[in-house]
Amino acid sequence: MQYDFRRYHIRSINAADEVERAAINQELKDLYASLSSEEKDDFNRQLQGFLATEVGRIKSDYESVKGGIQ
38 MQYDFRRYHI RSINAADEVE RAAINQELKD LYASLSSEEK DDFNRQLQGF LATEVGRIKS
98 DYESVKGGIQ
């Protein structure tokens, strides 16, 4: 199964408040809790890949902005 972490991420960014953000996080927790052990392993691998990609993108964006300011 392919998990769409980007969709959750975008929804969280655009959440109106902390209550909505918490509800989105709870959706992910509920999804995770419903998975089998094998599916949880796959979920975790996909999440780690998503986070690594996002951190790399943010770092690149930061360095681009930082370089333009100096």
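Quick note on the working numbering: the sequence shown kicks off at 38 and runs consecutively.
No residue lacks a Cβ here, since even glycine has one placed at the ideal position from N, Cα and C.
No experiment lies behind these values; they were computed from the predicted model shown.
Margin query: Output needed for residue 84: all residues of its chain with C-beta closer than 8 Å, excluding positions within five of it in sequence on either side, in chain order.
Written below: 40, 42
Taking 9 Å as the threshold (C-beta atoms), are residue 72 and residue 80 in contact?
yes
| Roughly how many angstroms lie between the CA atoms of residue 64 and residue 102, to the nearest whole one? | 34 Å
- Please classify residue 53: does DSSP put it in a helix, a strand, or coil? coil
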